[in-house]
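Protein chains in written order, with this note's numbering: chain A, 1 to 278; chain B, 279 to 556; chain C, 557 to 834; chain D, 835 to 1112.
Just so you know, even glycine gets a beta-carbon here, dropped at the ideal spot from N, CA and C.
Remember, predicted model here, so these are calculated numbers, not experimental data.
Report on the structure given below.
Protein chains: 4
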Amino acid sequence: MANYILLVDCKDEKGLIHKITGVLYNQGLNIISNNEFVEEEADHFFMRSEFTGEVNGDAIITQLRDTLSKDSNIKLIKQRKKRIIIFVTKEHRCLGDILIKNEYNEINAEILAVVSNYPDLESLVSKFKIPFYYVSHLNKAREAHEEEILEILEKCKPDYLVLAKYMRILTRKFVSLFENRIINIHHSFLPAFVGVNPYEQAFKRGVKIIGATSHFVTEQLDEGPIIVQEIISVDHKYTVRDMEQAGREVEIMALSKALKLVFEDKVFISNNKTIIFE
Amino acid sequence: MANYILLVDCKDEKGLIHKITGVLYNQGLNIISNNEFVEEEADHFFMRSEFTGEVNGDAIITQLRDTLSKDSNIKLIKQRKKRIIIFVTKEHRCLGDILIKNEYNEINAEILAVVSNYPDLESLVSKFKIPFYYVSHLNKAREAHEEEILEILEKCKPDYLVLAKYMRILTRKFVSLFENRIINIHHSFLPAFVGVNPYEQAFKRGVKIIGATSHFVTEQLDEGPIIVQEIISVDHKYTVRDMEQAGREVEIMALSKALKLVFEDKVFISNNKTIIFE
Amino acid sequence: MANYILLVDCKDEKGLIHKITGVLYNQGLNIISNNEFVEEEADHFFMRSEFTGEVNGDAIITQLRDTLSKDSNIKLIKQRKKRIIIFVTKEHRCLGDILIKNEYNEINAEILAVVSNYPDLESLVSKFKIPFYYVSHLNKAREAHEEEILEILEKCKPDYLVLAKYMRILTRKFVSLFENRIINIHHSFLPAFVGVNPYEQAFKRGVKIIGATSHFVTEQLDEGPIIVQEIISVDHKYTVRDMEQAGREVEIMALSKALKLVFEDKVFISNNKTIIFE
Amino acid sequence: MANYILLVDCKDEKGLIHKITGVLYNQGLNIISNNEFVEEEADHFFMRSEFTGEVNGDAIITQLRDTLSKDSNIKLIKQRKKRIIIFVTKEHRCLGDILIKNEYNEINAEILAVVSNYPDLESLVSKFKIPFYYVSHLNKAREAHEEEILEILEKCKPDYLVLAKYMRILTRKFVSLFENRIINIHHSFLPAFVGVNPYEQAFKRGVKIIGATSHFVTEQLDEGPIIVQEIISVDHKYTVRDMEQAGREVEIMALSKALKLVFEDKVFISNNKTIIFE
């Protein structure tokens, strides 16, 4: 008997928890965990219910539609492994962490393929018997390169794309095809050090802490909703290279936590921010 | 219009959230935040609702009694500053932190008095115009000493007693008078280093992290429900004294967080553990 | 018998540690701790020695001058409490922490006075019998306001100025009078959120971590050498006000650590960065 | 031109830094980094120098022997990858982390083999083309089992043994053969929760933080010198299984940091404690 997750968000009003849980109760379902949040500045209500039982999805949706206001967002999810595609360039650290966790079923996902604009990581990926697609970007327009990748994606039908140190900027068009479904790991504590060479910048500024940020990708580079941020202390003895290495460790941590949250349907997106029910 | 908090815990069953929020909805009340938790091993349900509106306390309680099983615990709290008494011996650090926060209304409490078995901290307390009771324990049986303190407490009628580095062990009888209402700060990361001289022990063991634990006081020394634990890194350069000093800092942090949680009615106690709705 | 601290920095070359410790050894002094660092990009050597013994300061300086290259920086410091002046505006939190620590000799400083452009904090400061100077900035040119403050400083002869939430920008001229001697606490994790309303900015960006930065003040606003950075986790439930409150806690921590390091002469400044020998 | 590391420890006396660096200076060597520490309670001096140059090891040792007291410990190390053997049982997490890091030369070690008392992890190890020795302990006396393992070790001649979740207790005899050369990861924040089922214990006690400890193995179980401790916050929602999973993450971090420190010769052992020069 699988677990189900109900995600509802709508304009706030009195009695919402009572009404929504009433629909589940009438169906004889057992709520395992329930979370709500009201975003005050937008007067908006968010709720996540995890429940088990003999689920009649259509009945639940219909009753909720009857109960709630027209513009409510209602999403009923049967828990299953998310289908994901990982994008990388040359760095192996985040990829390695995901592959090992996947090998032992510690990540709620099925890795359909790894896509890269360089061939370097094929040997690592092949150890785990996962398809590796090398799609070089050399001598190609950005759009043409993405077209080639899209062909792969169309075959795979992924739920999420994970940019695990993919060092290419995606076009607006590409991003719009996967709205709220692309997760990136950014090598800095956003919004500090946007753009390239964040460790070089951090070194020059003499910071004492460096960070990493996992976020959804939107059309604005490095501006999407933040899911997880992690930090690590550094000091004057750290060279740029040392900072990079320390940075890798927090990148792994931040991405790993973000994937766990997203793949367990614990993340709402609202006003370019995330609401996370842990 | 004050905020109210409803705390309910009872045996778990289907529909509890629906039923309890229904009582509040029928009264036309507006839930600001709602938290639930089911303790699986005990099959027990916990819920905390914070709400505003025209509250008829008796009606709410009556309807909840009618709705829920007989052995449910129901507590309706009108938010107000908790009345507290602080116990200290000679150390000023946790006390100083509380006094400064209290001076600027940053703590949801009214300090009725400070009680100490030494006179040392009177000058600090008097700066803040708070009564200081020096009750020496010298040449007195433990019970006789506590009797003197109880006389003060009877006049003050405190909600909570805060042991902010009070270096005396309380009798079972005294503790039983304030069940779940005495909060202690323990100078170690419990359950490591119970008892005296934890920093001496930590130094000898060569630990790399020291901690502090804020917990409710029960009849078993250092064994009560843990509310907050905090830690700080140390290394081989730390002397016992350095560890003590670092320890003070985490003690302040741990106690400060614990008081905030307890004074905002966010803590349930169950099976000698705490369930905290942050 | 007091402790002495020797701070030397110069162009790196072979044998520096041997030569410098030789001068101390010849004087029969006992090194308690010794730290060195070579800044590779500048090929520059830094050393801090803490020692005890019968110190002939002139002899040490002369011998070091003979031993080291002409452009070496040599500073011999007899350990004593630093003379400091604290600047505040209306916020009491950092000030309160320093006052309590000072009351119990936990800070290696003597507070000569507190200066403020508002009268609000006089009642707090007076509890601790420390002079409070209220110098309003209203209807005054920035320079005129600073002139009034400088009169106070000239009488006090402070070693350091501590800006414990002083919400005024200092003129270049003022800053230049106290080069490397003004310590500020900045309410963000620099370089993120420079300027005003950092918590408002942080809230809008939906960050998951907020921070505070203690740094030396230079003529470039928020751009001086960073001494300490601290962070705290936040989530979607935090309002701007909650973030501010959490921010205060890390501000206190960051400033407190920075003052400890600076007042114990553990901080070198080089290329707008700090080298810290803990 | 390789880096060399000199480790010296001896009874403390005046001038030691000067004398030891003098030997290196006379040989025309260039000190890259230098660390000293005096353990006050034992009046013992520790120094680590990292240097480059044309090294005549015999000359350095001879001169140091002439300069220092007879009972000094002097160790001159040419930097190279440490030869290690990893011991595991069934858990893959720490092993996986080490294998991935090793694959990309991020660990200063050469993995000679993985030894296990179960066959489960062979498939993971074989992906990385590293010998895997399955040595079952079933129906064997502890000594007989260790004899079989010792045969493998004798062929491999490892510098260090890494117990990456090896769930067997080693005999005193075995431990004595590899004094200060066996590194373990212990699944708790020692000294809390020694022995078996630490997460079960932690769950029952309702702790708010769980930890992991990497330490050298001595004849006293769980009592050896601590190298690194790491922690992670947990709350009432964590089941025993959740705690185990969170614990795995900190175990990986703690072991990874400990291996880095040990394999870069940054760790002294003294009085069952570690002195670590980072």
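Checklist entry - Does DSSP put Asp993 of chain D in a helix, a strand or coil? => result coil
Item to check | Members of the stretch 322 to 351 of chain B near chain A, C-beta cut-off 8 Å | outcome: none
Checklist entry - Name the residues in the stretch 1064 to 1081 of chain D whose C-beta lies less than 8 Å from a C-beta of chain C; which are they? => result none
Checklist entry - Roughly how many whole angstroms lie between the Cα atoms of Val250 of chain A and Pro225 of chain A? => result 18 Å
Item to check | Residues sharing a beta bridge with Gly767 of chain C, DSSP | outcome: C:Ile787
Checklist entry - Between Gly1081 of chain D and Ser1010 of chain D, is the Cβ-Cβ spacing less than 9 Å? => result no
Checklist entry - Along chain F, which residues have their Cβ under 7 Å away from the Cβ of Ile309 of chain B? => result Chain labels in this structure do not include chain F; the protein chains are A, B, C and D.
Item to check | Element boundaries [alpha helix (DSSP H), containing His852 of chain D] | outcome: Leu850 to Asn860
Checklist entry - Quick one: what does DSSP say Ala164 of chain A is sitting in, helix, strand or coil? => result coil
Item to check | CB-CB length for Val262 of chain A against Tyr160 of chain A, believed under 8 Å | outcome: 7 Å
Checklist entry - Alpha carbon to alpha carbon, what distance is there between Ile783 of chain C and Ala814 of chain C? => result 6 Å
Checklist entry - For Ser867 of chain D, which option in D:Glu874, D:Leu898 and D:Phe885 has the closest C-alpha, if you only look at C-alpha atoms? => result D:Phe885
Checklist entry - Do Ala391 of chain B and Ile376 of chain B have their C-beta atoms closer together than 9 Å? => result no
Checklist entry - Can you list the residues of chain C that Asn868 of chain D reaches, using a CB-CB cut of under 7 Å? => result Ile573 and Glu592
Next on the checklist: Below 8 Å on the Cβ atoms is my contact criterion, and I expect Gly618 of chain C with His852 of chain D to pass it. Report the Cβ-Cβ distance as a whole number of Å.
Outcome noted: Per the sequence shown, the amino acid found at residue 618 of chain C is Thr instead of Gly. 18 Å between Cβ atoms; not a contact.
Checklist entry - Three-state secondary structure (DSSP) at Arg927 of chain D? => result helix
Checklist entry - Given a threshold of 16 other Cβ atoms within 10 Å of its Cβ, counted over all protein chains shown, does Ser305 of chain A qualify as buried or as exposed? => result With chain A covering only 1 through 278, there is no way to say anything about residue 305 of chain A.
Checklist entry - Which residue comes first and which comes last in the beta strand (DSSP E) that contains Tyr598 of chain B? => result For chain B, the structure presents residues 279 to 556; residue 598 of chain B sits outside this window and is missing.
Item to check | Assigned exposure category for Arg1075 of chain D - 16 Cβ within 10 Å defines buried | outcome: exposed
Next on the checklist: Is there a C-beta anywhere in chain C that falls below 9 Å from the one on Lys848 of chain D?
Outcome noted: yes
Checklist entry - Which of helix, strand or coil does DSSP assign to His600 of chain C? => result strand
Checklist entry - What did DSSP end up calling Gln63 of chain A once you bin it into helix, strand or coil? => result helix
Checklist entry - Are Ile185 of chain A and Ala109 of chain A touching if we call contact CB-CB under 9 Å? => result no
Next on the checklist: Tell me which residue opens and which closes the beta strand (DSSP E) that Val594 of chain C is part of.
Outcome noted: Asn586 to Glu595
Next on the checklist: Need the endpoints of the alpha helix (DSSP H) that Lys631 of chain C sits in, please.
Outcome noted: First-last for Lys631 of chain C: Asn629 to Lys634, but that is the beta strand (DSSP E), not the alpha helix (DSSP H).
Item to check | Within 9 Å, strictly: CB atoms of Ala748 of chain C and Leu190 of chain A | outcome: yes
Checklist entry - Can you name, in chain order, every residue of its own chain whose Cβ lies under 7 Å from the Cβ of Glu1034 of chain D, other than the five neighbours on each side? => result Val1074
Checklist entry - How many Å lie between Glu122 of chain A and Glu1013 of chain D at the Cα? => result 41 Å
Checklist entry - Is the beta carbon of Ile633 of chain C sitting closer than 9 Å to the one on Ile738 of chain C? => result no
Next on the checklist: Let me check one thing: in DSSP terms, what residues is Lys1094 of chain D bridge-paired to?
Outcome noted: Lys1094 of chain D pairs with nothing; no bridge assigned.
Next on the checklist: On the CB-based measure, 16 or more other CB atoms within 10 Å of its CB, does Thr274 of chain A come out buried or exposed?
Outcome noted: buried
Item to check | Selection from D:Gly862, D:Ser903 and D:Gln861 that minimises the alpha carbon distance to Phe879 of chain D | outcome: D:Ser903
Next on the checklist: What does the alpha-carbon distance come out to for the pair Val55 of chain A and His92 of chain A?
Outcome noted: 42 Å
Checklist entry - According to the Cβ coordinates, are Asn831 of chain D and His979 of chain D closer than 9 Å? => result What the structure shows of chain D is the stretch from 835 to 1112, and residue 831 of chain D is not part of that stretch, so it cannot be assessed.
Next on the checklist: In this structure, how does DSSP classify Met835 of chain D when only helix, strand and coil are distinguished?
Outcome noted: Residue placement at Met835 of chain D is flagged as unreliable, the pLDDT there being 49, under the threshold of 50; a coordinate-derived value is accordingly withheld.
Next on the checklist: 9 Å is my cut-off, CB to CB: does Asn197 of chain A come that close to chain C?
Outcome noted: no
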